[in-house]
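Here the protein sequences line up with chains A, B and C, keeping their order. Residues in the first sequence are numbered from 1 upward in steps of one, following my numbering. Residues in the second sequence are numbered from 1001 upward in steps of one, following my numbering. Residues in the third sequence are numbered from 2001 upward in steps of one, following my numbering. Idealized CB from N, CA, C, for every residue including glycine. Some notes on the structure that comes next.
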Amino acid sequence: MTAAGTSVPSRPSRLTRRPSLAGWRLLRLELRRSTLLPLLPLLAVLLAFTELRNDLSHPPLWPVRSADLQVQVELIGAIVAGLAAWTAARDGRRHVTDLVTAACWPQWVRQLASWAAVTIWATLFYAACIAVVFLATARQATWGGPIWWLPAVGAAAIVAFSAAGFAFGAFFPGRFTAPLVTVGALFAPQIGVLATQRNQAWGRVSPAVNATVSGTGTFFPFHPGLSIAQIVFLAGVIAAALGVLAWPAAAGGRWLRRAGAMIALAGLVAAGAGMALAGTSRLEAEGVIVPALHTAASDRLITYRSACDNSSAVPVCLHPAFRAQLPGLAAYLDPALSQVAGLPGAPVRVQLSRGTPGDISGINIGSAGGTSSAISRSIGGPTISGSPPVLYLSPSLLLNSSVARISQELGPSVAVTIIQAVIYGRPAPSPAQRAVEAALLKAAGLRLQAVPPGTRLSGNGVPGPEPGSPVSAAANRFAALPAAARHAWLTAHLAALRAGRITLAEIA
Amino acid sequence: MNVEITDLTRRFGRTVAVAGVNLQTGPGVFGLLGPNGAGKTSLLRMMATVLPPTSGSLRLLDRDPVGYGPRKEIRRRLGYLPQALGYYPGFTVAEFVEYFALLKDMRPAQVPGAVAIAIERVSLGNKARAKLRTLSGGMLRRVGIAQAIVNEPELLLLDEPTAGLDPEQRVQFRALLRDLGNRATVIVSTHLVEDVGAACTEVALMNEGKIVFHGTPDELTVRGEGHGTGDAPLERGYSAVLAQARA
Amino acid sequence: MTTAATTPSSRPAVPPTRLVRLHLVSRGIPACLLALAGCAVTLRIALHWIPRSGPGARQLPLLLEAAAAAIIGVVTRSPFGEPERATGRWLPVLRLGAAVALTALAFGALAAGSAAAHLDYGYLALLRDLAGMTGIALLAAAVVGGSMAWLGPLAYWALAISRDWTTPWVWPGRPPHDFGAALCAALVFAAGTVVSTVRGARDSVGE
């Protein structure tokens, strides 16, 4: 140790001191040495195997992926809350309480610096998750763009988790604080979810509840009212948590503590306001609406120019968001369409039905006594209507998005609908009509099952004629014809077949 | 006078750690001796403004630390090394000293230079970038001294500063103390009477919360002539005063 | 100062009761028991609100099991560090006893918390899942320190609920009577217990 005389640095006056620069340097130190930093790679690995993997397996629709990002924040936020609580208890754990107390910066300012370091890293990490998901979606999606409100709620939730966890750790330092805070942070959003399931609207303030329903952002616009209420609530939580840190006597001077009290009070008011706003929310067919933040002008359905595939017997046109599903859907519908293409009554085009938001989202609010109560959900089946006839598919079917899921939902019903629309001209089908229908369905690749009336069919089977019956024999005979011959016979005899004037023996 | 203590008392429950201490001291090195549990650390902590007194008055650097503003000004001019030094293991030596330099409201432009000087003064210049968890106990103690002196304090409080230092380091530390004492009030609490003899211009001896001797090291030595037990004159004076206080 | 030497025949076969008590107090056992009781109470309340079957019936109770395991992992942190390691033969015994006893207590508390409600997957699965995650917590304590051991079981919980796993190494995804899953959970618990007994929790982790 040297005793060499050194010049005593002149003590800066209050006017020349640069607290902002010192604060930035303090923050830089905290950022470099934050507990969260070395754990981020582990957190990334965990998310890669859990949330991110699930997100990227969902349909590549911007609204779906945006909503996933909001819900994903539960896990990240909980771990951040636990680590923030851990950071807050650092001084006691490392026995530096006296040292830092004897320094002149207020305790509150020191705490804010260490909290800010944890929060900045957590928010940057979440931003990286958003980037990964949105970059992947940008490569896969064919229409639309991100709904930024949803990850914004997620980011606000991250900061709120961090602030609340830090406050807990500061006031209740102990070896169990960090894990209990993490578990509590995993639990807390679920309280809102459970409340929502019990028709308690205030529960929607939870970041685990998002404002979207099936079709949001694709067929009808996203209404940000609930997201706004959630952000107001989360901002209130942040302010309250950081404000209470200034309450202890050691936190700082009187004015600083008063400022902290005001901030905490403002936070509580904001949180209450957010919860109250969410409490007025309603689940409508087009999503969650907060009346105070909703304008009727935003209820218009989204207009779009259909994307069409002309490779099948008739054009198949869908919302451009489902462009990637066009080839598969066209291939799925072609076997049935090609049997009857060009015949009277056969659909000349396949497209999505316009429908109401309720038809699209599958949510229909039932009312009893003037108040919304029971919610019924219905999925519309394929229909043929119009002149010339058009096959309409329900948009709600496509929101499952993969062809395999669509074929599961549709089953054989679309083929039956197409063929019956052409063959049947009267309510009670004649034996010849049933035989031709069976033949066409068989040619379209469907499995016919002969079952007694009232028996449930298994798998994707359709009811067919009794094996060995004259109808079955005629159907087999007709199905054995080349496709061109079948089509030619139908062209020549369709009118008579529909009128019921064709007998089984007259079928080619 | 940088330190003016009048009838200062501190109780922990029913235990009286500091019992009506009166003390005044100015620039120089002031040694605080006493057996375990005498109240030295509690007195030092009160002077460091981290422990409020139960009663009595305390003025540090012409300010009353009860008020927030004056307390803040005192802390800006204070250096404190506690007996049990905690640290953040992941910090480097330079970062740890820098952290406290910033917390003591040093001008940011001055901090890097002050940190470098403080680290050099404790002979840890070659360890500036070493993580604290890699240092020995004695080196950690020197890091603690560095953070205490980084802001060139007007009041420097050191509790057992030479614990863990090797003899060579202790000699150098005493020279540092003498140098610091030219400009500031340095109060050193220690069990090592040779540290007091070598560096201090004044010494007080505490026993059971009270000051039982206040004078120069030479006066303490005189008290031990022909009376106390010990291997060195100062030790004999120390034990003689204690024996008299306990009698 | 005098030394009191003990002959091999005079050494007790079990740690003295006072040593056990002091060891438990040093690990924060009173607060640990309170926390486990809190988990049990929360489980009781949660079972009233969550669905009786399906994924929702599994996630929250499993989270509370993970919380109990996390608490047991945190308990392993020693406040003494090296001086405690440089002692005699009782420390491994105390560590083993604490780990096993706390796991049993945690199971008892959670079982009691679910006694008056419907536990979708049964007590056998509860024991399996809890023991397995406790093993993870003990292994995490040996690697990253007792204070951070809670990250292990909670990360495992997140992994387990992320999708429908079929591997027995993610035992919460398997049926209650699945032998493979029970074996895997038991192996992990045994490994964690052995490591915790022999090595204890790592002393400290850097900031």
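CB contact check: A:L27 to chain B, cutoff 7 Å: Within the first sequence, residue 27 of chain A is the residue found at index 27, counting from 1. Taking Cβ atoms only, chain B never reaches closer than 7 Å to A:L27, which makes this a no.
Span separating the alpha-carbon of B:S1123 from that of B:A1084: The residue given as residue 1123 of chain B occupies position 123 in the second sequence. The residue given as residue 1084 of chain B occupies position 84 in the second sequence. B:S1123 and B:A1084: Cα-Cα distance of roughly 21 Å.
B:M1206 - containing alpha helix (DSSP H), residue span: The residue you call residue 1206 of chain B lines up with position 206 of the second sequence. Per DSSP, B:M1206 belongs to no alpha helix (DSSP H); it is in the beta strand (DSSP E), E1202 to N1207.
Residues from the stretch 2069 to 2085 of chain C in contact with chain A, defined by Cβ distance under 7 Å: A2070, I2071, V2074 and R2077
Collapsed DSSP secondary structure at A:S162 in the structure displayed: Position 162 of the first sequence, counted from the start, is the residue given in the question as residue 162 of chain A. DSSP places A:S162 in helix when its eight states are reduced to three.
Test item: CB-CB of A:P31 and A:A85 under 7 Å: Working through the first sequence from its first residue, we reach residue 31 of chain A at position 31. Working through the first sequence from its first residue, we reach residue 85 of chain A at position 85. Before going on, a small fix: residue 31 of chain A reads as Leu here, not Pro. No, the Cβ-Cβ distance between A:L31 and A:A85 is not below 7 Å.
Beta-carbon contacts of C:A2185 that lie in its chain and below 6 Å, excluding the five residues immediately before and after: Residue mapping note: residue 2185 of chain C aligns to position 185 of the third sequence, counting from 1. If we look at C:A2185 and ignore the five residues flanking it on each side, its Cβ neighbours are R2128, A2131, G2132 and W2171.
Alpha helix (DSSP H) runs wholly inside the stretch 2027 to 2071 of chain C, at least 4 long, in chain order: 2029 to 2049
Inter-residue Cα distance where the pair is C:W2090 and C:T2076: Locating residue 2090 of chain C in the third sequence gives position 90, where the first residue counts as 1. Locating residue 2076 of chain C in the third sequence gives position 76, where the first residue counts as 1. The straight-line gap separating the alpha-carbon atoms of C:W2090 and C:T2076 is approximately 15 Å.
Residues of the stretch 90 to 107 of chain A whose Cβ lies closer than 7 Å to any Cβ of chain B, in chain order: R94, H95, V96, D98, L99, V100, T101, A102, A103, C104 and W105
Spatial neighbours of A:L256 in its chain, beta-carbon cut-off 7 Å, leaving aside the 5 residues before and after: Translated into the one-based positions of the first sequence, residue 256 of chain A becomes position 256. For A:L256, where only same-chain residues beyond five positions count, the Cβ hits under 7 Å are P106, W108 and A246.
Closest residue to C:W2157 among A:I158, A:V183 and A:P151 (Cα-Cα distance): On the third sequence, position 157 is the one that residue 2157 of chain C refers to. Looking at the Cα atoms, A:V183 is the closest of the given residues.
Local Cβ density within 10 Å of B:P1217, reported as buried at 16 or more and exposed below that: Locating residue 1217 of chain B in the second sequence gives position 217, counting from the first residue. That one is buried.
Residue closest to C:G2081, alpha-carbon to alpha-carbon, out of C:L2063, C:P2168, C:L2183 and C:R2027: Within the third sequence, residue 2081 of chain C is the residue found at index 81, counting from 1. Cα-wise, what sits closest to C:G2081 is C:R2027.
First and last residue of the uninterrupted alpha helix (DSSP H) at B:L1140: The sequence position of residue 1140 of chain B within the second sequence is 140, counting from 1. Taken as a continuous stretch (DSSP letters only), the alpha helix (DSSP H) holding B:L1140 covers G1137 to I1149.
Status (buried if at least 16 other CB within 10 Å, exposed otherwise) for B:N1207: Along the second sequence, read from residue 1 onward, the residue named residue 1207 of chain B stands at position 207. Per the 10 Å Cβ criterion, buried.
Among B:L1033, B:L1044, B:V1241 and B:S1055, nearest to B:G1020 - alpha-carbon criterion: Looking up residue 1020 of chain B in the second sequence gives position 20. Nearest option by C-alpha distance: B:S1055.
Residue-chain proximity (C:A2109, chain A), Cβ-Cβ < 7 Å: Taking the first residue of the third sequence as position 1, residue 2109 of chain C is located at position 109. Closer than 7 Å: no.
Span of the beta strand (DSSP E) around B:N1022: Taking the second sequence and counting its residues from 1, the one referred to as residue 1022 of chain B is at position 22. T1015 to T1025 is the span of the beta strand (DSSP E), which, as asked, contains B:N1022.
First through last residue of the alpha helix (DSSP H) which encompasses B:R1059: As a working mapping, residue 1059 of chain B is identified with position 59 in the second sequence. Counting along the chain, B:R1059 falls outside any alpha helix (DSSP H), though it belongs to the beta strand (DSSP E) covering S1055 to L1060.
Per DSSP, cross-strand counterpart(s) of A:E284: Working through the first sequence from its first residue, we reach residue 284 of chain A at position 284. Answer by DSSP bridge pairing, in chain order: A:G287.
Per DSSP, cross-strand counterpart(s) of A:F463: Taking the first sequence and counting its residues from 1, one reaches residue 463 of chain A at position 463. Checking the sequence shown, residue 463 of chain A turns out to be Pro, not Phe. According to DSSP, which records beta bridges pairwise, A:P463 is partnered with A:Q449.
Chain-ordered residues of the stretch 1033 to 1054 of chain B with a beta carbon less than 8 Å from chain A: Of all residues in the stretch 1033 to 1054 of chain B, those with a C-beta nearer than 8 Å to a C-beta of chain A are R1045, A1048, T1049 and V1050, reading in chain order.
Residue from A:L180, A:V181 and A:V205 with nearest C-alpha to A:I191: Position 191 of the first sequence, counted from the start, is the residue given in the question as residue 191 of chain A. Closest option to A:I191, Cα to Cα, is A:V205.
Near-chain C residues of the stretch 49 to 70 of chain A (beta-carbon distance less than 9 Å), N- to C-terminal order: F49, T50, E51, R53, N54 and S57
Proximal chain B residues relative to A:A259, where beta-carbon distance stays under 7 Å: Here the question's residue 259 of chain A lines up with position 259 in the first sequence. Correct list: empty, because the minimum Cβ distance to chain B is about 13 Å.
Other residues of its chain near B:E1004: CB distance less than 6 Å, five sequence neighbours each side excluded: Within the second sequence, the letter at position 4 stands for residue 1004 of chain B. Closer than 6 Å at Cβ, skipping near neighbours: Q1024 and R1059.
Helix, strand or coil at B:F1096 [DSSP, three-state]: Here residue 1096 of chain B refers to the residue found at position 96 of the second sequence. Here B:F1096 sits in helix by DSSP.
Within-7 Å CB hit, A:P183 to chain C: Taking the first sequence and counting its residues from 1, the one referred to as residue 183 of chain A is at position 183. It should be noted that the sequence gives Val, not Pro, for residue 183 of chain A. Yes, A:V183 counts as interfacial toward chain C.
Distance between C:A2116 and C:L2139 (C-alpha atoms, nearest Å): Here residue 2139 of chain C is taken as the residue at index 139 of the third sequence, counted from 1. Here residue 2116 of chain C is taken as the residue at index 116 of the third sequence, counted from 1. Cα to Cα, C:L2139 sits roughly 33 Å from C:A2116.
Own chain partners of C:V2205 with C-beta closer than 8 Å, once the 5 adjacent residues on each side are dropped: One-based indexing of the third sequence puts residue 2205 of chain C at position 205. Its pLDDT being 45, under 50, C:V2205 is placed unreliably in this model, and the coordinates cannot settle the point.
Rounded separation between C:T2166 and C:R2174 - CA only: Numbered from its first residue, the third sequence carries residue 2166 of chain C at position 166. Numbered from its first residue, the third sequence carries residue 2174 of chain C at position 174. About 7 Å.
Segments of 4+ residues assigned as alpha helix (DSSP H) that fall wholly inside the stretch 54 to 120 of chain A: 62 to 88, 90 to 93 and 97 to 101
Interface positions of the stretch 1056 to 1079 of chain B facing chain A (Cβ-Cβ less than 7 Å), listed along the chain: Y1068, G1069, K1072, R1075, R1076 and L1078
Residue range of the alpha helix (DSSP H) that includes A:S396: Numbered from its first residue, the first sequence carries residue 396 of chain A at position 396. Here the alpha helix (DSSP H) through A:S396 covers P395 to L398.
Chain C within 7 Å of A:R434, Cβ atoms only: One-based indexing of the first sequence puts residue 434 of chain A at position 434. When Cβ-Cβ separations below 7 Å define contact, A:R434 makes no contact with chain C.
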